[in-house]
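Here is the structure we will look at.
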Amino acid sequence: MSATPALFQPLRVGDIALQHRLVMAPMTRLRGDQNGVLSDDAITYYSQRAATPGTLLISEGVFVSPGHGGFPNGPVLHTAEQVAAFKKVVDAVHARKSFLYIQLAGCGRGAMPSILETAPGGPYPVVGASAIPLTGGAIPHALTREEIEEFVKVSAQAALKAVNGAGADGVDVHVGNGYLLHQFLDTNANQRTDEFGGSVENRARFPLQVVDAFVAAVGAKKVGVRVSPYNDYQEVKMDLPNTLETYSYFFSEIKRRHPDIAYFSALEARFTGTDDVEAPKEETLDFLYDLVKPTPFFYGGGFTLETANETAETKSNSAIQVGRPWTSNPDLVERFKQRLSLTNYDRSTFYTPGPVGYIDWPTAQLSEVLVEA
């Protein structure tokens, strides 16, 4: 039996070999410019967090086209300039012998109309699965069949640009947190009566088409899929029976179609919206883990060192995604490994442009010097 904790043992994910099982979760940071080009600060940000060789970082959510964005300074992967900016980031991560997957997404009904009105090539409408707005939000335009086909096409192109253009190790399909693909899965946001609504097979049809397109573009071993079955962010959370049926079908169908897919990823119930909560006992991810094993399964949502260790020890082929603490601890892997204290994160700088709260966090050694001074 190995003396090394499972959390710090290697894990094969697709065609890359991780040297430990801590994965940096995708986190919105909004450090692009008005044209969706990622800033040079991002090169430093990701490089800092790739310091431990063999670490997998998953990028912030990146929009597949300007028409499917909707946040100020949200990065897009569509133009040559946008791809070139991401290539600098990927190169910096690879220089530290670590890995980067780029998460790709469409915003959907949560988009800000003012951003879409002024986006390059716009104005664009706010879109969704159905014409059901978020509370206080714009009524979305329900995507037509032709527009769904176009999204699948542009998503595949973005995946190619991520892997072949920017040199990323893979792409993460964002089907969580109430964004566009999640809206189609969820019965609260999707009340369509065509082949994309109603039954679980119909609601999953569009997200599955996108997964298929990603795989066709870059290969299954470079594709991961992320969901958040219990997260009510952006007003999507079904009752438990619907949740179990929907996500069991969705993951089972992906596994059937693409047995070599790189990983599946899901958020625990103890993280909802943007807050930590006490998870109901019946809301676990075990049903999904059991469905897809031995494919790597990434757990996320409010993990501490203790709960990360426990999950890694009891769930073979699992990895633990850590988000917010990694913003303020660029050397998080080493801090966990050496059981050092963590620097508290600053939520007020999560989405603010510029380097403050982004690339100015000290490493553990510098923290100790500052405390002594």
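Under UniProt numbering, the first residue of the sequence shown is numbered 1, with each subsequent residue one higher.
Quick reminder that beta carbons are idealized off the backbone N, C-alpha and C, glycines included.
What three-state label does DSSP hand E149 in the structure shown? helix
Report the start-end ranges of each alpha helix (DSSP H) in the segment 198-262 that is 4 residues or longer and not cut off at the edges. For the segment 198-262, whole alpha helix (DSSP H) runs of length 4 or above, ordered along the chain, are 200-203, 205-218, 240-257.
Exposed or buried, which one is S316 when buried takes at least 16 other CB atoms within 10 Å? S316 comes out exposed.
Just how far apart, CA to CA, sit L305 and T314? 14 Å
Once DSSP output is grouped into helix, strand and coil, what is the label at Q34? Residue state, collapsed to three classes: coil.
C-beta contact flag for Q333 and T52 at 8 Å: Correcting the residue identity first, residue 333 is Val in this sequence and not Gln. Result yes, Cβ atoms of V333 and T52 sit closer than 8 Å.
Please report the straight-line C-alpha distance between Q82 and A3, rounded to a whole angstrom. 44 Å
Could you tell me which residues DSSP puts in a beta bridge with H174? R226.
Between V333 and chain D, is the shortest Cβ-Cβ distance under 8 Å, so that the two count as touching? Within the model displayed, chain D is absent; a lone protein chain is all it includes.
Who are the Cβ neighbours of R226 in its own chain at under 6 Å, not counting the five residues just before and after it? D172, H174, G176, S265
Short of 7 Å in beta carbon distance, which residues of its chain neighbour V152, apart from the five on each side in sequence? Order them along the chain. Result list for V152: Q209, V210, A213, in chain order.
Cutting at 8 Å between CB atoms, please list the residues of its own chain near G122, excluding the five before and the five after it. Excluding residues within five positions, the ones whose Cβ falls inside 8 Å are P66, G67, L116.
Helix, strand or coil for H94 per DSSP? helix
Nearest residue (CA-CA) to T44, options I16, G61, H94: It is H94 whose Cα lies nearest to the Cα of T44.
If you draw a straight line from the C-alpha of R256 to the C-alpha of F250, how long is it? Whole-angstrom Cα-Cα distance: 10 Å.
Spatial distance of E60 from G198 (CA atoms): Their Cα atoms are separated by approximately 31 Å.
When the Cα of residue 383 is compared with those of E253, N73, N329, which residue comes out closest? Limits of the chain in this structure are 1 at one end and 373 at the other, which puts residue 383 out of reach.
If you measure between the beta carbons of G106 and L181, is that distance less than 8 Å? yes
Between T343 and E282, what straight-line distance do the alpha-carbon atoms span, to the nearest angstrom? 33 Å
Pick out whichever of G137, L185, A42, Q103 has its Cα sitting closest to the Cα of L160. Q103
Go ahead and label P10 buried or exposed: buried means 16 or more other beta carbons lie within 10 angstroms of its beta carbon, across all protein chains shown. exposed
In whole angstroms, what separates the C-alpha of N190 from that of F8? 41 Å
As assigned by DSSP and simplified to three states, the class of V13: strand
If you count every other CB in all the chains shown that lies within 10 Å of the CB of S318, and 16 or more means buried, which is it? buried
Would you mind working out which of H20, Q19, T28 sits nearest R324, comparing C-alpha positions? T28
Enumerate, from N- to C-terminal direction, the unbroken beta strand (DSSP E) stretches of 3 or more residues contained entirely within the segment 26-74. 56-63
Between which two residues does the beta strand (DSSP E) carrying V23 extend? Bounds of the beta strand (DSSP E) holding V23 are 22-24.
Which same chain residues end up closer than 7 Å to R49 when comparing Cβ atoms and leaving out the 5 residues on each side of it in sequence? M24, L57, W326, P330
Just verifying my parser: in three-state terms, what is the DSSP assignment at V356? coil
Residues sharing a beta bridge with L100, DSSP: L57
Alpha carbon to alpha carbon, how far is P113 from T144? Give it in angstroms, no decimals. 19 Å
Can you give me the start and stop residues for the beta strand (DSSP E) that Q321 sits inside? Under the DSSP assignment, Q321 falls in the beta strand (DSSP E) whose first and last residues are 318-322.
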